[in-house]
Amino acid sequence: MHYRITSFSFDPDREDDVMAVAHAAADELKAIAGMQSAVIVRVGAGKTMTIAAYDTEDSAVAAQPKIQSILSQLAGMLTAPPEVQEGPVLFDFF
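First residue of the sequence shown: 529, per the numbering used here; consecutive thereafter.
Written out as structure tokens, the structure reads:
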């Protein structure tokens, strides 16, 4: 498993707009080959983390054009560029 964790910052008053983009893209995201799961977690006012699990790093890389297309819809809403961290699972507690 390979995880990509993306942090987003936006005006807290725009959270509904940000989530509307996510909801509208749900079917596209579910159709991405190799994506096992994805969640959006609110970590503060105007701050979220998207945690996406892929079967392999290659799948995560291959998904990027589609992901970037979806993220481009957030361009006017974000207050900073998204920050991405990623890597393989070292240990699974379950």
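C-beta atoms are modelled at their ideal positions from N, C-alpha and C, and glycine is treated no differently.
Alpha carbon to alpha carbon, what distance is there between residue j and residue i?
i	j	result
methionine 563	glycine 572	26 Å
aspartate 539	proline 593	26 Å
alanine 590	tyrosine 582	10 Å
aspartate 586	proline 609	24 Å
isoleucine 560	valine 546	20 Å
phenylalanine 619	threonine 534	20 Å
isoleucine 578	leucine 602	Before going further, note that residue 578 is threonine rather than isoleucine in the sequence given. Taking the straight line joining both Cα atoms gives about 14 Å.
Quick one, are the C-beta atoms of residue i and residue j less than 8 Å apart?
i	j	result
methionine 529	valine 612	no
phenylalanine 536	threonine 576	yes
alanine 566	leucine 557	yes
alanine 588	arginine 542	no
Can you tell me whether residue i is buried or exposed, with buried defined as 16 or more other CB within 10 angstroms of its CB?
i	result
threonine 607	exposed
glycine 604	exposed
alanine 580	buried
valine 569	exposed
glycine 615	exposed
Query raised in the report: Is there contact between the segment 589 to 603 and the segment 551 to 571, where contact requires at least three CB pairs shorter than 8 Å?
Result: The segment 589 to 603 is in contact with the segment 551 to 571.
Report task. Identify every run of the beta strand (DSSP E) within the segment 572 to 618, keeping only runs that are complete inside it and at least 3 residues long; order them along the chain. Result -> Listed in chain order, they are 575 to 582, 611 to 616.
Query - In chain order, each beta strand (DSSP E) run of at least 3 residues that lies wholly inside the segment 530 to 576 - result: If you keep only unbroken beta strand (DSSP E) runs of at least 3 residues inside the segment 530 to 576, you get 530 to 537, 563 to 572.
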